[in-house]
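Structure, as C-alpha cells:
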C-alpha cells in the first residue's frame, strides 16, 4: 500500500486549471522529488496534500485513509509535517526555544530536553542554541525549520525547496540530513529546483508541467528524457 496516493486531483483558481488530474503514489520509506518549471503547480499540489487548499475533484489517501476532507491539523495528527520554502522560525526567540515550541506537544520534561539536544546535534546547531534565530544565517534558519518539522516525528515529511538560497556546501549538507532521516525510516517528498540536491537524494522523481504529471522515474531516466529538458527552456540538461 502506498503511504500517500493522489487520485485524479484537480484544482482551479477561477479559470486557471492549476492541478490537472494528478495521479501520484509515494511509497513508504522513499525520497521522492517533485520538479518542474515555475508555474507547474508544485506548490499548489503541496497545499492540497496539507489541506490548505481543497481540490475541486479527486482524492488524497494517506496510509489507506481518505483524508481529502480533513483539516490541516488532522492531517498533521496522522503523521504529516512540512517545511515551507521561506523559513518560518520565531526570529526573536533562541534556536533552542524554537525547537521547544515545536516539540512540546509530544515531549515533556527531561524527554523534551533530550530530544532538543538530539536535534541540535543533528542540525549542527549545538554551538548556536542560545543564539536568537533571527541572527542565524539563511542556511541555518532553513535547517532549524527542518528540525522543527522532523521533531514531530512525521511518517511523511514535505519539503518545499529546502535548499533555496543555500550555498553548494549547505545544499550538500542538507541532502545528507535528508538521507539520514530516510535511513531512520522517514518518507520524504521534496519540491526542489536545485538538481544537484535532486541527484543526491532522489530515489524517484516526478516532473510536473502545466499542472499535470509530465514524466516519472529514476533521476537517470529523467535526466535522459529529452522532453523534460525541453520544458526547462530548452536546456540540454536537467
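Residue numbers (the UniProt record's numbering): 1 to 238.
Every residue gets a Cβ at the ideal spot worked out from N, C-alpha and C, and that includes glycine.
Report buried or exposed for residue i, applying the criterion of at least 16 other Cβ atoms within 10 angstroms of its Cβ.
{"i": "residue 86", "result": "exposed"}
{"i": "residue 230", "result": "exposed"}
{"i": "residue 194", "result": "buried"}
{"i": "residue 145", "result": "buried"}
{"i": "residue 192", "result": "buried"}
{"i": "residue 98", "result": "buried"}
{"i": "residue 138", "result": "exposed"}
{"i": "residue 128", "result": "buried"}
{"i": "residue 81", "result": "buried"}
{"i": "residue 73", "result": "exposed"}
{"i": "residue 185", "result": "exposed"}
{"i": "residue 32", "result": "buried"}
Report the partner residues of residue i according to the DSSP bridge assignment.
{"i": "residue 10", "result": "57"}
{"i": "residue 23", "result": "According to DSSP, which records beta bridges pairwise, residue 23 is partnered with nothing at all."}
{"i": "residue 83", "result": "159"}
{"i": "residue 31", "result": "188"}
{"i": "residue 62", "result": "4 and 65"}
{"i": "residue 94", "result": "132"}
Please report the residue range of the alpha helix (DSSP H) in which residue i lies.
{"i": "residue 117", "result": "109-122"}
{"i": "residue 38", "result": "Residue 38 -> no alpha helix (DSSP H), and no H or E assigned at all."}
{"i": "residue 142", "result": "138-150"}
{"i": "residue 75", "result": "72-77"}
{"i": "residue 15", "result": "Counting along the chain, residue 15 falls outside any alpha helix (DSSP H), and DSSP gives it neither H nor E."}
{"i": "residue 179", "result": "168-183"}
{"i": "residue 200", "result": "195-201"}
{"i": "residue 126", "result": "It is not in any alpha helix (DSSP H) - residue 126 carries neither H nor E in the DSSP assignment."}
{"i": "residue 164", "result": "Here residue 164 belongs to no alpha helix (DSSP H), and DSSP marks it neither H nor E."}
{"i": "residue 226", "result": "226-231"}
Going by CA-CA distance only, name the one from the options that's closest to residue i.
{"i": "residue 22", "options": "91, 4 and 187", "result": "4"}
{"i": "residue 14", "options": "190, 232 and 55", "result": "55"}
{"i": "residue 59", "options": "44, 10, 52 and 17", "result": "10"}
{"i": "residue 219", "options": "43, 150, 206 and 227", "result": "206"}
{"i": "residue 44", "options": "19, 65 and 75", "result": "19"}
{"i": "residue 8", "options": "57, 30, 48 and 50", "result": "57"}
{"i": "residue 119", "options": "139, 155 and 96", "result": "96"}
{"i": "residue 141", "options": "156, 124 and 153", "result": "124"}
{"i": "residue 16", "options": "103, 25 and 40", "result": "40"}
{"i": "residue 164", "options": "83, 187 and 223", "result": "83"}
{"i": "residue 189", "options": "114, 183, 172 and 160", "result": "160"}
{"i": "residue 26", "options": "223, 227, 228 and 187", "result": "187"}
{"i": "residue 243", "options": "135, 92, 133 and 148", "result": "For the chain, the structure presents residues 1 to 238; residue 243 sits outside this window and is missing."}
{"i": "residue 90", "options": "204, 131, 12 and 170", "result": "131"}
{"i": "residue 94", "options": "136, 53 and 214", "result": "136"}
{"i": "residue 105", "options": "151, 167 and 47", "result": "151"}
Between which two residues does the beta strand (DSSP E) harbouring residue i extend?
{"i": "residue 214", "result": "212-217"}
{"i": "residue 204", "result": "204-209"}
With 8 Å set as the bound, which would you pick, yes or no: does the beta-carbon of residue i sit closer than that to a beta-carbon of chain D?
{"i": "residue 166", "result": "The structure shown contains no chain D; it holds only a single protein chain."}
Using 8 Å as the cut-off, can you tell me whether the region 35-55 makes contact with the region 205-216, which would need three or more C-beta pairs spanning the two stretches below that distance? yes
Should the region 164-180 be regarded as contacting the region 194-204, the criterion being three or more beta carbon pairs within less than 8 Å? yes
Three CB pairs or more closer than 8 Å across the region 221-229 and the region 61-69: no
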